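Okay, so here's the structure we're looking at.
Residue numbers (the working numbering): 10 to 490.
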């Protein structure tokens, strides 16, 4: 024990007194939410809309979307596929345009075994520019530097030309594509055509799910049609653990044809519709999920337990398969399925206004990161304030546990329009968020607009991983004398 006499004799009393008066407290905590590492803006002179991102073998990313030469609201006929290759730091390495006349929508990027990529999406069916084949579902093979090697297109009955030689429309809509175990691909879309062209089966109603099995060079091996009596629009195809495939999309059909469950609202609103097929395209089961109002499936992924996660938009209240109330306007609606399509849980996420789903990705802890765009104020599930100073969208990200419990939410944005289109896990355990922005330097956006709307890429660090985001706080506490 240190006595007063010892302190005085050693001249330490003043030091002892000051230690009692001033104590430094160091606290360490780990942030729960991800933090921004960097952001990048890519744009041409007018409007550019990012839709897909793909990790590349060198640790970078390939970005895909559509670029318009003229203001989007003035001319819908000038869009072209625009690819931008960036390194792991987000710096641009190269870009390429794939040109053809007419408005387009890029929906798929796949890495190929030779180091190149397959690019897929919608285009008008006629031959023009880089498009050398008839058909609205357009597939382009490029090398590692973005140079075109070949292209293919797929369509049902050819459409008659209009009075000036132009096609009136198209029977087919591109959905998505995956690589198959035999080195080929499964391409999925929707088609309202009868037998003709690449389509060997008749229409079941109006638009049907249409899948095409392709070899490594894009040559068709077989095709199958699935549908009810109304519109069935395929959004995504997945490989299943048993070697078959799962098809996900939207349907307003009754229990007719290939659809065994009735429409959830009994009218023209769409429900999520999932079909399981074997490796040869033979249907094994189908399931319908929805409420009494509008549902629109936008993304579909496999889960670590062999099940599936569906994500999209909903305006329904508690009804049908929807167990939670509408938050206001459009909400995110996420549905977890087991391997047989049996619903395990569903989750509604939204605020007082519009919250539109963009994508999701599994997280290292077994949960999910859900992303989209929000114009809602703090309300409902939205706890993060709006970043835009206009009544426009921010990126809105929500973390769910493996059982669908919301853990936190966060917004990222600039001054004006910010629309999230894609969300993926990166090799370093973080996340890459991609979309479109018209914002200049403001909020989370560190680079100026290039003109109109631009691709906007945001790299996040996952603070759930140990030591990733340690925050040290030093506090000074006065004690009594």
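Glycine residues also receive a C-beta, built at the ideal position from the N, C-alpha and C atoms.
None of these values were measured; they are calculated from a predicted model.
**Request:** For the segment 278-309, list the alpha helix (DSSP H) runs that are entirely contained and at least 4 residues long, ordered along the chain.
**Result:** Whole alpha helix (DSSP H) segments, 4+ residues: zero.
**Prompt:** Straight-line CA distance for residue 386 to residue 360?
**Reply:** Answer to the nearest angstrom: the Cα atoms are 7 Å apart.
**Message:** Can you tell me whether residue 431 is helix, strand or coil according to DSSP?
**Reply:** In the structure shown, residue 431 sits in a strand (DSSP, three-state: E or B).
**Prompt:** Just reading off the beta strand (DSSP E) that residue 371 is part of, what are its end residues?
**Reply:** Run containing residue 371: 364-371, per the beta strand (DSSP E) assignment.
**Request:** Take residue 323 and list the residues in its own chain whose beta-carbon comes closer than 6 Å to its own, dropping the five residues that flank it on each side.
**Result:** Correct list, in chain order: 304, 340, 342.
**Prompt:** Residue range of the beta strand (DSSP E) that residue 113 falls in?
**Reply:** Unbroken run through residue 113: none, as it is neither H nor E.
**Request:** Output the distance between the C-alpha atoms of residue 293 and residue 287, rounded to the nearest integer angstrom.
**Result:** A direct Cα-Cα distance of roughly 7 Å separates residue 293 from residue 287.
**Asked** Can the beta-carbon of residue 453 be found less than 8 Å from the beta-carbon of residue 423?
**Response** Going by C-beta atoms, residue 453 is nearer than 8 Å to residue 423.
**Item:** CA nearest to the CA of residue 93, picked from 65, 263, 192, 393
**Value:** Distance from the Cα of residue 93 is smallest, within the candidate group 65, 263, 192, 393, for 65.
**Request:** Please go through the same chain and pick out, in chain order, the residues whose beta-carbon is closer than 7 Å to the beta-carbon of residue 381, but skip the five residues on each side of it.
**Result:** For residue 381, where only same-chain residues beyond five positions count, the Cβ hits under 7 Å are 341, 364, 365, 366, 367, 405, 429.
**Asked** From which residue to which residue does the beta strand (DSSP E) around residue 45 run?
**Response** From DSSP, the beta strand (DSSP E) with residue 45 extends over 44-51.
**Request:** Thinking residue 157 and residue 130 are a contact (beta carbons under 8 Å), I'd like their distance in whole angstroms, please.
**Result:** Actually they do not touch by this definition, with Cβ atoms about 14 Å apart.
**Item:** Distance between residue 472 and residue 181 (C-alpha atoms, nearest Å)
**Value:** Looking at the two C-alpha atoms, the distance is approximately 43 Å.
**Item:** Top-ranked residue by Cα proximity to residue 56, from 43, 88, 67
**Value:** Cα-wise, what sits closest to residue 56 is 88.
**Item:** Span separating the alpha-carbon of residue 277 from that of residue 379
**Value:** So the two alpha carbons sit approximately 28 Å from each other.
**Prompt:** How is residue 22 classed by DSSP in three states: helix, strand or coil?
**Reply:** Because the pLDDT of residue 22 is 42, which lies under 50, any placement of that residue in the model is unreliable, and the question is left without a value.
**Prompt:** So what does residue 64 bridge to, in DSSP terms?
**Reply:** DSSP lists 70 as partners of residue 64.
**Message:** Looking at residue 68: is its Cβ nearer than 8 Å to the Cβ of residue 103?
**Reply:** Their beta carbons are not under 8 Å apart, which means residue 68 does not touch residue 103 by this criterion.
**Asked** Out of curiosity, what's the CA-to-CA distance linking residue 203 and residue 371?
**Response** Distance between the alpha carbons of residue 203 and residue 371 is about 39 Å.
**Request:** Between the Cα of residue 328 and those of 345, 302, 347, 308, spot the shortest distance and give me the residue it belongs to.
**Result:** Among 345, 302, 347, 308, the Cα nearest to that of residue 328 belongs to 302.
**Asked** The beta strand (DSSP E) with residue 89 in it runs from where to where?
**Response** 88-95 is the extent of the beta strand (DSSP E) around residue 89.
**Request:** Report buried or exposed for residue 20, applying the criterion of at least 16 other Cβ atoms within 10 angstroms of its Cβ.
**Result:** The predicted position of residue 20 is uncertain, since its pLDDT is 49 and thus under 50; no value can be drawn from it.
**Asked** Grouping DSSP H, G and I as helix and E and B as strand, with all else coil, what is residue 258?
**Response** In the structure shown, the three-state DSSP call for residue 258 is strand.
**Request:** Pull up the distance between the alpha-carbon of residue 407 and that of residue 355, whole angstroms please.
**Result:** Cα to Cα, residue 407 sits roughly 14 Å from residue 355.
**Asked** Which ranges does the alpha helix (DSSP H) cover as unbroken runs of at least 4 residues, wholly within the segment 116-202, from first to last along the chain?
**Response** Annotation: the segment 116-202 contains no complete segment of the alpha helix (DSSP H) (minimum length 4 residues).
**Request:** Use the C-beta contact count for residue 396: other C-beta atoms within 10 angstroms, 16 or more gives buried, fewer gives exposed.
**Result:** With 16 or more Cβ atoms within 10 Å of its Cβ, residue 396 is classed as buried.
**Request:** Tell me where the beta strand (DSSP E) around residue 380 begins and ends.
**Result:** Unbroken beta strand (DSSP E) run through residue 380: 377-383.
**Prompt:** DSSP puts residue 327 in a beta bridge; with which residues?
**Reply:** DSSP output for residue 327 lists no bridge partner at all.
**For residue 229, three-class secondary structure by DSSP** = Reduced to three states, the DSSP call for residue 229 is strand.
**Item:** Residue interval of the beta strand (DSSP E) (run including residue 444)
**Value:** For residue 444, the enclosing beta strand (DSSP E) covers residues 440-446.
**Item:** From 258, 240, 311, 242, residue whose alpha carbon lies closest to that of residue 369
**Value:** Scanning 258, 240, 311, 242 for the CA closest to the CA of residue 369 turns up 311.
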